[in-house]
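Asker:
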Amino acid sequence: MSFQQNSRDDFPVLGTSVHGKPLVYLDNAATTQKPNVVIDAIANYYKQSNANVHRGVHSLSDKSTLALEEARNTITHFLGAKNQELILTRNTTEAINGVLYGWALHNLTKGDVVVTSQLEHHSNFVVWQQVCKMTGAELKVVPVNANGELDYEWLESHTQKVKLMAFTYVSNALGTVLDVQRVVSVARNVGARVLLDGAQAVAHMLVDFTKLGVDFFAFSGHKLYGPMGSGGLLVRQELLDKNEMHPWLFGGGMIAEVHADHTLFHDDPVERFTAGTPDVASAVGLAAACEYLTNIGMETVAQHEATLVAYALEKLAQIPSVEILGPLTNRVGSVSFLYAGVHAHDVAQVLDSQGIAVRSGHHCTMPLHLAHDWIATTRVSFAIYNTKADVDTLITGFEKVSQVFGK
Amino acid sequence: MTEDLYQEVLLEAAENPQNYGTLTDPDFEFQGYNASCGDKITVQLKLDSEEKVTEIAWQGDGCIISQAAMSVVSEAVKGKTLSQIQKLGLADVLGLLHFDTISPGRIKCSMLGLGSICKAIEEVA
Chain R
1 MSFQQNSRDD
11 FPVLGTSVHG
21 KPLVYLDNAA
31 TTQKPNVVID
41 AIANYYKQSN
51 ANVHRGVHSL
61 SDKSTLALEE
71 ARNTITHFLG
81 AKNQELILTR
91 NTTEAINGVL
101 YGWALHNLTK
111 GDVVVTSQLE
121 HHSNFVVWQQ
131 VCKMTGAELK
141 VVPVNANGEL
151 DYEWLESHTQ
161 KVKLMAFTYV
171 SNALGTVLDV
181 QRVVSVARNV
191 GARVLLDGAQ
201 AVAHMLVDFT
211 KLGVDFFAFS
221 GHKLYGPMGS
231 GGLLVRQELL
241 DKNEMHPWLF
251 GGGMIAEVHA
261 DHTLFHDDPV
271 ERFTAGTPDV
281 ASAVGLAAAC
291 EYLTNIGMET
301 VAQHEATLVA
311 YALEKLAQIP
321 SVEILGPLTN
331 RVGSVSFLYA
341 GVHAHDVAQV
351 LDSQGIAVRS
361 GHHCTMPLHL
371 AHDWIATTRV
381 SFAIYNTKAD
391 VDTLITGFEK
401 VSQVFGK
Chain Z
1001 MTEDLYQEVL
1011 LEAAENPQNY
1021 GTLTDPDFEF
1031 QGYNASCGDK
1041 ITVQLKLDSE
1051 EKVTEIAWQG
1061 DGCIISQAAM
1071 SVVSEAVKGK
1081 TLSQIQKLGL
1091 ADVLGLLHFD
1101 TISPGRIKCS
1111 MLGLGSICKA
1121 IEEVA
């Protein structure tokens, strides 16, 4: 039995039907399905270990605290980071907002420059527009060429007063992979911090936060086969040690001493950045997802998905009405396209009638769509459980699109 | 469901939209926008002294549902007063399209036209 056949059986939802047809799930960039090990880990936590953490001396509280600690170790090990570098959040958006409130508001002033790109998801774009409004800093947007790749030369020639570079590691719309080394090298030369939006990277490739050399790395657990409402922000130890990164949520758990007129925050960054009761079950679920992927091996995952993306590109290119968007090489996860004469929502609806789940719209990348004058695009995105047969079903599905709309 | 959704009448409405174009002397004009997909619609209205719609024209790009819905809505609002138009809702639009129901994901598409008109009426009222 092949690797993907095994993995399909691990995901109960893949055995369900849509409109009487077997589900072909190709919307993995939006969220991945959850394997049994993740679902069971969450259920088992609630059945066997549920108590508030760090609060009591009783045994169940210790058990819950240990579960959280082990989950943090597993997640950070999976991402090549140190335990104390992880701030658990609900998703990538919350993690990026954390950099706004915990770093940018303390370190940006009028005249400073934040650089982002046309390729960004709104979560890594709107945040920087807002911070510039709040601080008087200026937002510069790196243009993207016709192939959906960043104009690195533009970046290299617009470095004056840059304090932060915030880029997506992998584009959710086009699958473009960022040249992280090149960005980090430009940033180090001018003393700028680098934030990577890793939402579309973590499930598809081996990520080593330390080796990447960036300052912030935001990711979502739910795009990594983990539960909804799980994610995190990795912050480089150095920024934590010298208090360049500040807590942005205040209250219980993150304090050392509270007096009537002042509060001292906790010395330990893990505590300092965990205000309120954490979502232990989600952390445990996310850790189970990381273990699941480690057992398969991220190299195997990357290789399998690269085969699927290449196969999809080859097959889509044979349909005359389809125009593939984005780079033809060095791309990961997502393949977006236009279908001549048929709106993306209508393409998606007809595919859905055949049990095929794809995404349609602007995929939260309006600046990219506006720059290229695309009203809406259709996106297929892959995961470990997808097969070449899924791509074949998709390709056959276009026959009905052509039949319904006569195009 | 798709067979029902993309029935001939709908495809016909989208292919040959009613009142598509512009007016030379509109009383008011407004833009509607579907944030989930980027669809845009511009609608122009001409009213008589009793605030009844005498002429309507619209332009836009979008999916078949939003285009067909705007087409049938543009016919339906003719002769109605602004307050009568404001009383129209999703059920009326679905009725005009001969739909029994629509999936939650396509409600925004079917309501883009009427929703934009109603929002504009609120602004001028």
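Taken in sequence, the protein lines are chains R and Z.
Per our numbering, the first sequence starts with residue 1, numbered consecutively.
Per our numbering, the second sequence starts with residue 1001, numbered consecutively.
No residue lacks a Cβ here, since even glycine has one placed at the ideal position from N, Cα and C.
Remember, it's a predicted structure, so these values are computed and weren't measured experimentally.
Please decide whether residue 361 of chain R counts as near chain Z, where near means a Cβ-Cβ distance under 7 Å.
Answerer: As a working mapping, residue 361 of chain R is identified with position 361 in the first sequence. Yes, residue 361 of chain R lies at the interface with chain Z (some Cβ there is under 7 Å from its Cβ).
Asker: Could you give the first and the last residue of the continuous beta strand (DSSP E) run that contains residue 319 of chain R?
Answerer: Along the first sequence, read from residue 1 onward, the residue named residue 319 of chain R stands at position 319. Where residue 319 of chain R is concerned, there is no enclosing beta strand (DSSP E), given that its DSSP letter is neither H nor E.
Asker: Between which two residues does the alpha helix (DSSP H) carrying residue 379 of chain R extend?
Answerer: Here residue 379 of chain R corresponds to residue number 379 of the first sequence, with the count starting at 1. Element bounds for residue 379 of chain R: not the alpha helix (DSSP H) but the beta strand (DSSP E), 377 to 381.
Asker: When we look at the beta-carbon of residue 1091 of chain Z and count the other beta-carbons within 10 Å, is it buried (16 or more) or exposed?
Answerer: What you label residue 1091 of chain Z is simply residue 91 of the second sequence in a count that begins at 1. Residue 1091 of chain Z should be labelled exposed.
Asker: Take residue 297 of chain R as the anchor and find which of R/43, R/202, R/376, R/102 has the nearest alpha-carbon.
Answerer: Position 297 of the first sequence holds residue 297 of chain R. Per the Cα distances, R/202.
Asker: May I have the straight-line CA-CA distance separating residue 295 of chain R from residue 110 of chain R, to the nearest angstrom?
Answerer: Reading the first sequence from its first residue, position 295 is the one you call residue 295 of chain R. Reading the first sequence from its first residue, position 110 is the one you call residue 110 of chain R. If you take the alpha carbons of residue 295 of chain R and residue 110 of chain R, they lie about 48 Å apart.
Asker: Select from R/331, R/185, R/173 the residue whose C-alpha is nearest the C-alpha of residue 376 of chain R.
Answerer: The residue given as residue 376 of chain R occupies position 376 in the first sequence. Considering only alpha carbons, the answer is R/173.
Asker: Less than 7 Å between the C-beta atoms of residue 275 of chain R and residue 240 of chain R, yes or no?
Answerer: As a first step, residue 275 of chain R is located in the first sequence; it is residue number 275 there, counting from the start. As a first step, residue 240 of chain R is located in the first sequence; it is residue number 240 there, counting from the start. Not a contact, by the Cβ cut-off of 7 Å.
Asker: In whole angstroms, give me the CA-to-CA distance for residue 384 of chain R and residue 286 of chain R.
Answerer: The residue you call residue 384 of chain R lines up with position 384 of the first sequence. The residue you call residue 286 of chain R lines up with position 286 of the first sequence. For residue 384 of chain R and residue 286 of chain R, the distance between alpha carbons rounds to 16 Å.
Asker: With residue 158 of chain R and residue 115 of chain R assumed to form a contact (beta carbons below 8 Å), what rounded beta-carbon distance in angstroms separates them?
Answerer: Numbered from 1 along the first sequence, position 158 holds the residue referred to as residue 158 of chain R. Numbered from 1 along the first sequence, position 115 holds the residue referred to as residue 115 of chain R. The Cβ separation is near 7 Å, so the contact holds.
Asker: Residue ranges of each beta strand (DSSP E) run of no fewer than 3 residues wholly in the segment 180 to 247 of chain R, ordered along the chain?
Answerer: For the segment 180 to 247 of chain R, whole beta strand (DSSP E) runs of length 3 or above, ordered along the chain, are 193 to 197, 216 to 220, 231 to 235.
Asker: Considering only residues of the same chain and omitting the five flanking positions on each side of residue 41 of chain R, which have a CB-CB separation below 6 Å?
Answerer: To locate residue 41 of chain R, count along the first sequence from 1; it is residue 41. The residues are 284, 285, 288.
Asker: Cβ closer than 7 Å: which chain R residues qualify as neighbours of residue 1062 of chain Z?
Answerer: On the second sequence, position 62 is the one that residue 1062 of chain Z refers to. What residue 1062 of chain Z touches in chain R: 343.
Asker: Ignore the nearest five residues each way along the sequence and tell me which others in residue 84 of chain R's own chain have a CB closer than 8 Å to its CB.
Answerer: Here residue 84 of chain R is taken as the residue at index 84 of the first sequence, counted from 1. Cβ neighbours of residue 84 of chain R beyond the five flanking positions: 237, 240, 268, 269, 270.
Asker: Using the Cβ count rule (16 or more neighbours within 10 Å means buried), how would you classify residue 387 of chain R?
Answerer: The residue given as residue 387 of chain R occupies position 387 in the first sequence. Classification of residue 387 of chain R: buried, given that the 10 Å Cβ count is 16 or more.
Asker: Could you tell me whether any Cβ in chain Z is nearer than 7 Å to the Cβ of residue 95 of chain R?
Answerer: For the purposes of this step, residue 95 of chain R is identified with residue 95 of the first sequence, where counting begins at 1. No - not a single Cβ of chain Z is within 7 Å of the one on residue 95 of chain R.
Asker: From the beta carbon of residue 1038 of chain Z, is the nearest beta carbon of chain R less than 7 Å away?
Answerer: Counted from its first residue, the second sequence places residue 1038 of chain Z at position 38. Closer than 7 Å to some Cβ of chain R, the Cβ of residue 1038 of chain Z qualifies, so yes.
Asker: Which residue wins for smallest C-alpha separation from residue 347 of chain R, given the options R/379, R/325, R/182?
Answerer: If you number the first sequence from 1, residue 347 of chain R lands on position 347. Among R/379, R/325, R/182, the Cα nearest to that of residue 347 of chain R is on R/379.
Asker: Distance cutoff 7 Å, beta carbons only. Does residue 346 of chain R sit that close to anything in chain Z?
Answerer: For the purposes of this step, residue 346 of chain R is taken as the residue at position 346 of the first sequence. Yes, because at least one Cβ of chain Z sits closer than 7 Å to the Cβ of residue 346 of chain R.
Asker: In chain R, which residues lie less than 8 Å from residue 1131 of chain Z when you measure between Cβ atoms?
Answerer: Nothing can be reported for residue 1131 of chain Z: it is not among the residues displayed for chain Z, which extend from 1001 to 1125.
Asker: Straight-line CA distance for residue 163 of chain R to residue 32 of chain R?
Answerer: Residue mapping note: residue 163 of chain R aligns to position 163 of the first sequence, counting from 1. Residue mapping note: residue 32 of chain R aligns to position 32 of the first sequence, counting from 1. Their Cα atoms are separated by approximately 34 Å.
Asker: For residue 29 of chain R, I'd like the list of residues in its chain whose CB is within less than 8 Å of its CB, leaving aside the five on either flank, ordered along the chain.
Answerer: Position 29 of the first sequence holds residue 29 of chain R. Counting only Cβ-Cβ distances below 8 Å, and skipping sequence neighbours, we find 172, 200, 223, 333, 334, 359, 363, 379, 381.
Asker: Would you say the segment 1039 to 1057 of chain Z touches the segment 1071 to 1080 of chain Z, given that touching needs at least three Cβ pairs under 8 Å?
Answerer: Three or more Cβ pairs drawn from the segment 1039 to 1057 of chain Z and the segment 1071 to 1080 of chain Z lie within less than 8 Å of each other, which places the two stretches in contact.
Asker: In this structure, does DSSP put residue 263 of chain R in helix, strand or coil?
Answerer: Here residue 263 of chain R refers to the residue found at position 263 of the first sequence. Residue 263 of chain R falls in the strand class under three-state DSSP.
Asker: Between residue 148 of chain R and residue 326 of chain R, is the Cβ-Cβ spacing less than 7 Å?
Answerer: Walking along the first sequence from the start, residue 148 of chain R turns up at place 148. Walking along the first sequence from the start, residue 326 of chain R turns up at place 326. Yes, Cβ-Cβ distance for residue 148 of chain R and residue 326 of chain R is below 7 Å.
Asker: Cα separation between residue 146 of chain R and residue 329 of chain R?
Answerer: Taking the first sequence and counting its residues from 1, the one referred to as residue 146 of chain R is at position 146. Taking the first sequence and counting its residues from 1, the one referred to as residue 329 of chain R is at position 329. Spanning the two alpha carbons is a distance of roughly 14 Å.
Asker: Please return the same chain residues whose Cβ sits closer than 7 Å to the Cβ of residue 1027 of chain Z, not counting the five positions on each side in sequence.
Answerer: The sequence position of residue 1027 of chain Z within the second sequence is 27, counting from 1. Around residue 1027 of chain Z: 1045, 1046, 1047.
Asker: Would you say residue 1033 of chain Z lies against chain R (beta-carbon separation less than 7 Å)?
Answerer: Working through the second sequence from its first residue, we reach residue 1033 of chain Z at position 33. The beta-carbon of residue 1033 of chain Z is placed no less than 7 Å from the nearest beta-carbon of chain R.
Asker: For residue 93 of chain R, count the other beta carbons within 10 Å of its own beta carbon; 16 or more makes it buried, fewer makes it exposed. Which is it?
Answerer: Taking the first residue of the first sequence as position 1, residue 93 of chain R is located at position 93. Residue 93 of chain R should be labelled buried.
Asker: Suppose the cutoff is 7 Å on Cβ atoms and the five residues either side in sequence are ignored; what does the same chain contact list for residue 125 of chain R look like?
Answerer: The residue labelled residue 125 of chain R in the question sits at position 125 within the first sequence. Cβ neighbours of residue 125 of chain R beyond the five flanking positions: 116, 367.
Asker: For residue 169 of chain R, write down the residues that DSSP places opposite it in a beta bridge.
Answerer: Stepping through the first sequence from its first residue, residue 169 of chain R is reached at position 169. In the DSSP output, where bridge partners are listed per residue, residue 169 of chain R has none listed.
Asker: So the alpha helix (DSSP H) residue 282 of chain R belongs to, where does it begin and stop?
Answerer: The sequence position of residue 282 of chain R within the first sequence is 282, counting from 1. Taken as a continuous stretch (DSSP letters only), the alpha helix (DSSP H) holding residue 282 of chain R covers 280 to 296.
Asker: Would residue 220 of chain R pass as a contact of residue 213 of chain R if the rule is Cβ separation under 7 Å?
Answerer: Along the first sequence, one-based indexing puts residue 220 of chain R at 220. Along the first sequence, one-based indexing puts residue 213 of chain R at 213. Their beta carbons are not under 7 Å apart, which means residue 220 of chain R does not touch residue 213 of chain R by this criterion.
Asker: For a quick check, are the C-beta atoms of residue 1104 of chain Z and residue 1071 of chain Z less than 7 Å apart?
Answerer: Here residue 1104 of chain Z refers to the residue found at position 104 when the second sequence is read from its first residue. Here residue 1071 of chain Z refers to the residue found at position 71 when the second sequence is read from its first residue. Cβ atoms of residue 1104 of chain Z and residue 1071 of chain Z: not closer than 7 Å.
Asker: Exposed or buried, residue 1098 of chain Z, counting other C-beta atoms within 10 Å across all chains shown (16 or more means buried)?
Answerer: On the second sequence, residue 1098 of chain Z is found 98 positions in, with the first residue counted as 1. Answer is exposed; the Cβ neighbour count stays below 16.
Asker: Are three or more beta carbon pairs between the segment 97 to 105 of chain R and the segment 307 to 320 of chain R nearer than 8 Å?
Answerer: no
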